[in-house]
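Beneath this line is the structure, given in structure tokens, with notes to follow.
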Amino acid sequence: MTATADVSTPNKAQSAMAAGATIIRDLVAGTAAMRKADKLYLPKSEAESNESYAARRARSVLFNATGKTIEDMTGKVFAKPVTLEKDVPQVLRDYAENIDFAGRHLNVFAKDVFFDSLQTGIGYIYVDMPPKVERPDGKPATMADEAAAGIRPYLTFVPLEQLIGWKSAIVAGVETLTQVRIKECVVEDDGEFGEKEIEQIRVVESGKWTTYRKDDKGDKWVAHEEGTIRTAKGAPLSGIPIVPVYVNRSGFMQGKPPFAKLAELNVAHWQSSSDQRNILHVARVPILYGAGFQKDETIKIGASEMVQSSSSEAKLTYVEHSGAAINAGRDDLKDLEFQMQAMGLQLLVPTPGGKTATGEIRDDAKINSPLAMMARSLQDALEQAFVFMAEFTSETFQRNPDGGSIVVNTDFGVQSGNAADAQMLLDAVNAGQLDKETFWHEWQRRGILSDSFDPEVAASRIAEGRPELDAGQGKGMNLAGQ
Numbered sequence: 001m002t003a004t005a006d007v008s009t010p011n012k013a014q015s016a017m018a019a020g021a022t023i024i025r026d027l028v029a030g031t032a033a034m035r036k037a038d039k040l041y042l043p044k045s046e047a048e049s050n051e052s053y054a055a056r057r058a059r060s061v062l063f064n065a066t067g068k069t070i071e072d073m074t075g076k077v078f079a080k081p082v083t084l085e086k087d088v089p090q091v092l093r094d095y096a097e098n099i100d101f102a103g104r105h106l107n108v109f110a111k112d113v114f115f116d117s118l119q120t121g122i123g124y125i126y127v128d129m130p131p132k133v134e135r136p137d138g139k140p141a142t143m144a145d146e147a148a149a150g151i152r153p154y155l156t157f158v159p160l161e162q163l164i165g166w167k168s169a170i171v172a173g174v175e176t177l178t179q180v181r182i183k184e185c186v187v188e189d190d191g192e193f194g195e196k197e198i199e200q201i202r203v204v205e206s207g208k209w210t211t212y213r214k215d216d217k218g219d220k221w222v223a224h225e226e227g228t229i230r231t232a233k234g235a236p237l238s239g240i241p242i243v244p245v246y247v248n249r250s251g252f253m254q255g256k257p258p259f260a261k262l263a264e265l266n267v268a269h270w271q272s273s274s275d276q277r278n279i280l281h282v283a284r285v286p287i288l289y290g291a292g293f294q295k296d297e298t299i300k301i302g303a304s305e306m307v308q309s310s311s312s313e314a315k316l317t318y319v320e321h322s323g324a325a326i327n328a329g330r331d332d333l334k335d336l337e338f339q340m341q342a343m344g345l346q347l348l349v350p351t352p353g354g355k356t357a358t359g360e361i362r363d364d365a366k367i368n369s370p371l372a373m374m375a376r377s378l379q380d381a382l383e384q385a386f387v388f389m390a391e392f393t394s395e396t397f398q399r400n401p402d403g404g405s406i407v408v409n410t411d412f413g414v415q416s417g418n419a420a421d422a423q424m425l426l427d428a429v430n431a432g433q434l435d436k437e438t439f440w441h442e443w444q445r446r447g448i449l450s451d452s453f454d455p456e457v458a459a460s461r462i463a464e465g466r467p468e469l470d471a472g473q474g475k476g477m478n479l480a481g482q
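Number 482 marks the last residue of the sequence shown (our numbering); no jumps.
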């Protein structure tokens, strides 16, 4: 008989996603996590003793291609910081300096969100706001009161494993969230010096939230606290303020690991590497074989010892491994590493053979297009989160219902400081084939001009002094200074 579901029961879609992401999580966590997983990824041979298996597992070291790929792809996206466009209200720009109430700038927060979501295919950004201020005189708190108390919207990241359930309905032809359940861990004081962790479930519905904790007996989940979700002026929010980061979307509020196949190869490499290290251990420790000795004869092995026997048939010899299996194991590992590179690391390596600067850029942009789409998904999620933040700050939302535009880097094909690129663009603008504003933008993309470069200020200065846009000698430009 199936047990009745309660507030802590994950829905089927979430359970399936969490199970599918386990292998990625363990690989990214590294050698210690893979050893802890024990026989899940490293099977025990039928004739292998428990002691021998434990020793083999302890010698195994992970070649973490999956974790390295995810780190490198995240680094590519955040090689340039997240940019807030001019239409982002100043109040939200100020919030971006400490976007999560934990001291993280928006760029650092976004990088952590992308790194985690890239592992599972999806993550969630929850927009929250502390409870309203209660004035001593009983009057409603003003925006000034709340600003003085630090009451303002902020972002938190909810990993796949913590969003345990959701419900939705079709509203005006659009699938819309009506409920989400978030697993949380709250740390509270336990005596004067101690502390204790308490698990709770936060249920968020339109305009309200409720937290649930286990009762004193630990048998049932009961309501613990509740509150409303409101704007700064007390109006109800337009929806549940949680935004999915669809790195690899598979359905509404769902995603799947983009590196699942790479992870399977990585596990195969983990197993083969374990066998390889084990056989190296066996090969490096030769076995001493003796024949023709009497049972009561004592044999001492050492540099200053002489072995004697009363039997003329006695002999000693070392039995060593031929090494054929070692070479076969090495070849298997190399093959797996090549396959892993083809499966995942190709997004990190530029395509060779481009004959022109523009050709190289085009090839790189093509090979990195999956990563660009993932970066744009993060950009969409951040912009939607800013819409909720703007709505929480009512006056801002009325002035700018979009919350402003955010730009996440997708220029993976542009090599920073590329001299050939820079010269080509300079020649084009001097020949009248490219306007100066586009030229400045392209130089800024390549890191030749700083992120703080302002085209309007530059245009004004040029209008005053009108210097020639030239390399200095009229013979072209050489970034190497030659």
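Backbone N, C-alpha and C fix where the C-beta goes; we use that ideal spot for every residue, glycine too. Treat the numbers as computed from the prediction; the structure is a model and nothing was measured.
query	result
With distance defined between alpha-carbon atoms, name the residue in 439, 50, 379 nearest to residue 81.	379
Taking the continuous alpha helix (DSSP H) assigned at residue 22, which residues delimit it?	12 to 29
State buried or exposed for residue 38, treating a residue as buried only when at least 16 other CB atoms are found within 10 Å of its CB.	exposed
Is there contact here, the region 116 to 129 with the region 83 to 98, by at least three beta-carbon pairs under 8 Å?	no
Tell me where the beta strand (DSSP E) around residue 120 begins and ends.	Per DSSP, residue 120 belongs to no beta strand (DSSP E); it is in the alpha helix (DSSP H), 106 to 120.
Please state if the CB of residue 60 and the CB of residue 274 are separated by a distance shorter than 8 Å.	yes
So residue 30 and residue 67 are supposed to be a Cβ contact under 8 Å. How far apart are they, rounded?	7 Å
Using the Cα positions of residue 358 and residue 75, report the straight-line distance between them to the nearest angstrom.	Reliability of the predicted coordinates at residue 358 is poor, the pLDDT of 44 falling under 50, and no value is obtained from them.
What are the start and end residues of each continuous alpha helix (DSSP H) run of 4 or more residues lying completely inside the region 25 to 69, in chain order?	31 to 36, 50 to 59
List the residues that DSSP assigns as beta-bridge partners of residue 236.	230
Taking residue 256 as the reference, give the member of 112, 90, 119 with the closest Cα.	119
Out of 434, 221, 240, which one is the CA nearest neighbour of residue 230?	240
Which word fits residue 374, buried or exposed, when buried means at least 16 other C-beta atoms lie within 10 angstroms of its C-beta?	buried
Leaving aside the five residues before and after residue 268 along the sequence, list all residues of the same chain whose C-beta is less than 7 Å from its C-beta, in chain order.	336
Name the DSSP beta bridge partners of residue 125, please?	157, 243
The alpha helix (DSSP H) spanning residue 179 covers which residue range?	It is not in any alpha helix (DSSP H) - residue 179 instead sits in the beta strand (DSSP E) that spans 174 to 190.
Just to confirm my understanding: we take residue 392, look at its own chain, exclude 5 residues before and 5 after, and list those with CB closer than 6 Å. What are they?	129, 153, 231
Sort 33, 209, 57 by Cα distance to residue 42 and report the nearest one.	57
Do you know how far the Cα of residue 464 is from the Cα of residue 349?	Bear in mind that a pLDDT of 43 at residue 349, under 50, signals an unreliable position, so the number given afterwards is only what the model happens to contain. Taking the straight line joining both Cα atoms gives about 45 Å.
For residue 97, which residues in the same chain have their Cβ closer than 7 Å to its Cβ, ignoring the five residues on either side in sequence?	105
With distances taken from CA atoms, which of 388, 250, 93, 111 is nearest residue 237?	388
At what residues does the beta strand (DSSP E) containing residue 433 begin and finish?	That residue, residue 433, is in no beta strand (DSSP E); it is neither H nor E in DSSP.
Tell me residue 209's beta-bridge partners as DSSP assigns them.	204, 227
Out of curiosity, what's the CA-to-CA distance linking residue 93 and residue 339?	44 Å
Mapping the DSSP letters down to three states, classify residue 75 as helix, strand or coil.	helix
With respect to the beta strand (DSSP E) encompassing residue 152, which residues constitute its N-terminal and C-terminal limits?	Premise fails: residue 152 is in no beta strand (DSSP E) and is neither H nor E.
When the distance is taken between beta carbons, is residue 381 closer than 8 Å to residue 243?	yes
How big is the Cα-Cα spacing for residue 54 and residue 265?	23 Å
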